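Per the numbering used here, the sequence shown starts with residue 9, numbered consecutively. All C-beta atoms in this analysis are idealised placements derived from N, C-alpha and C, irrespective of residue type, glycine included. All values reported here derive from a predicted model rather than from experimental measurement. Everything on this sheet refers to the single structure shown next.
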Amino acid sequence: FLLALIYTFWYNYGIIFQKEKEYSLMENKAFLVSNLLVSTPGRPSAWEYNLSEPETLGLAYIDKTLKKEKLDAFITLDYNLIKEKLGIKRYEFYFKLKTTEGTVLYQTGNFTTSEDVIATQRVVLLDYIPHIMEFALWN
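Quick look at the structure:
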């Protein structure tokens, strides 16, 4: 009986530890991707004019200042291509850019009501006006 109790405890602890580890990895990835999007122009830096093969995606003209042409191009890209270029193939994602009043200007990805979502919000500039960029990841 004691052996079964120890095994059950150990098994449950392992599951909890694995979930916490996965959550932490997802949290780090969401932060890194949101930072990449708002801080870099991507590679090549003018990828929005040639959508055939961007190496990496970035939406910034300069740090925290987004470029409208990049946003226009980003939302037209294939969902799986975005996942590949952002290094998040194993996750699902949702991207949204909205005004500070809540009006959605750009969105792409799959929306979810899952409780296991890591969501980031960043204040960015678009046309010199503050906006909110949201980026969410989940399994």
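The stretch 129-136 touching the stretch 82-89, judged by at least three CB pairs closer than 8 Å: no
Straight-line Cα distance separating lysine 29 from methionine 141: 26 Å
Cross-strand partners of proline 52 (DSSP beta bridge): According to DSSP, proline 52 bridges with nothing at all.
C-beta neighbour in chain D for glutamate 28, strict 7 Å: Included in the structure is just one protein chain, with no chain D present.
CA nearest to the CA of methionine 34, picked from Leu85, Trp55, Tyr99: Tyr99
Backbone CA spacing between phenylalanine 39 and glycine 110 [nearest angstrom]: 22 Å
DSSP state of leucine 145 mapped onto helix, strand, coil: strand
Residue(s) in a DSSP beta bridge with alanine 127: Ala144
Cα-Cα separation, proline 49 to tyrosine 114: 17 Å
Residue from Val125, Phe143, Ala144, Asp80 with nearest C-alpha to lysine 27: Val125
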